[in-house]
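Student:
Chains as they are written, first to last, in our numbering: chain A, 14 to 105; chain B, 130 to 224.
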């Protein structure tokens with residue numbers, strides 16, 4: 014799992030059939046010092062994360078497969094919206 | 130999944146039987162800077178993904194990597210590293 018910041022929403026009409034109805038968000042993975050990765054990720058969200066929110070993302074496809082079936086290519090899922098992170102000298 | 134721009138297609142002759150004539154696309158991952166600039170540039174290291182959605186050159190796709198990339202072929206055994214899961218219509222990332 015890792016922390017990521019939600020940057021926006023992704024709209025896609027053409028997608029794998031198991032992904033119909035999913036909410037897709039663009040997110041940037043965060044490092045321990047709060048800096049963001051260079052490449053955005055697309056994550057599936059069932060929790061209603063808003064832009065600017067810090068979330069925890071799991072890259073284990075098991076949750077996605079449980080919800081969307083064994084043939085789903087969904088992998089990165091928002092598993093929680095972060096209230097607070099305590100680290101030495103860093104903020105998230 | 131990551132985001133990438135389709136730059137071309139790959140044809141294999143011969144290929145492993147498991148591919149069964151499926152389409153392979155060359156995808157260039159997109160950086161956040163280029164996504165915000167909406168300049169059609171990628172910036173990442175190109176890779177090849179299986180595409181069943183019919184993505185055209187220049188279109189942006191979301192591609193899944195890792196074991197989950199092979200899930201669409203479950204329970205078959207197909208050697209897949211990356212799979213085009215969606216074709217992006219629009220992304221609203223503000224400025």
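Backbone N, C-alpha and C fix where the C-beta goes; we use that ideal spot for every residue, glycine too.
Note that the coordinates shown come from a computational prediction; the quantities given were computed from them, not determined experimentally.
1) For residue 126 of chain B, report the span of its beta strand (DSSP E) as first-last.
2) Pull up the DSSP beta-bridge partners for residue 221 of chain B, would you.
3) Under three-state DSSP, which class holds residue 194 of chain B?
4) Check whether the stretch 181 to 200 of chain B and the stretch 71 to 79 of chain A are in contact - that is, three or more C-beta pairs closer than 8 Å.
5) Cα-Cα, which of A:95, A:100, A:99 is closest to residue 19 of chain A?
6) Is there a C-beta anywhere in chain A that falls below 8 Å from the one on residue 144 of chain B?
7) Could you check how far apart the C-beta atoms of residue 70 of chain A and residue 25 of chain A are, in whole angstroms? I think they sit under 8 Å.
8) Helix, strand or coil for residue 165 of chain B per DSSP?
9) Mapping DSSP to helix, strand and coil, what is residue 52 of chain A?
10) Would a C-beta distance cut-off of 8 Å place residue 32 of chain A and residue 214 of chain B closer than the cut-off?
11) Residues of chain A with a CB under 7 Å from the CB of residue 221 of chain B: which are they?
12) Near residue 194 of chain B, what residues of its chain come up, given a Cβ to Cβ distance below 6 Å and the 5 sequence neighbours on each side ignored?
13) Less than 6 Å between C-beta atoms, sequence neighbours within five positions excluded: which residues of the same chain meet that for residue 35 of chain A?
14) Here's the rule I'm using: 16 or more other beta-carbon atoms within 10 Å means buried, otherwise exposed. How should residue 174 of chain B be labelled?
15) Along the chain, where does the beta strand (DSSP E) that runs through residue 39 of chain A open and close?
Tutor: Result, derived from the coordinates:
1) What is shown of chain B runs 130 to 224, which leaves residue 126 of chain B out entirely.
2) In the DSSP output, where bridge partners are listed per residue, residue 221 of chain B has A:22.
3) Note: residue 194 of chain B maps to strand in three-state DSSP.
4) Contact between the stretch 181 to 200 of chain B and the stretch 71 to 79 of chain A is present: 3 or more CB-CB pairs across the two stretches fall below 8 Å.
5) If we check each option's Cα against that of residue 19 of chain A, A:95 comes out closest.
6) Judged by the 8 Å Cβ criterion, residue 144 of chain B is not in contact with chain A.
7) The pair is not a contact, with the Cβ atoms about 18 Å apart (cut-off 8 Å).
8) The answer is helix: DSSP assigns residue 165 of chain B an H, G or I state.
9) DSSP places residue 52 of chain A outside both helix and strand once states are collapsed to three, so it counts as coil.
10) Yes. Within cutoff.
11) At a beta-carbon threshold of 7 Å, the residues of chain A lying near residue 221 of chain B are 21, 22, ordered along the chain.
12) Excluding residues within five positions, the ones whose Cβ falls inside 6 Å are 211.
13) Counting only Cβ-Cβ distances below 6 Å, and skipping sequence neighbours, we find 57.
14) Classification for residue 174 of chain B: exposed.
15) Annotation for residue 39 of chain A: the continuous beta strand (DSSP E) segment containing it runs 37 to 42.
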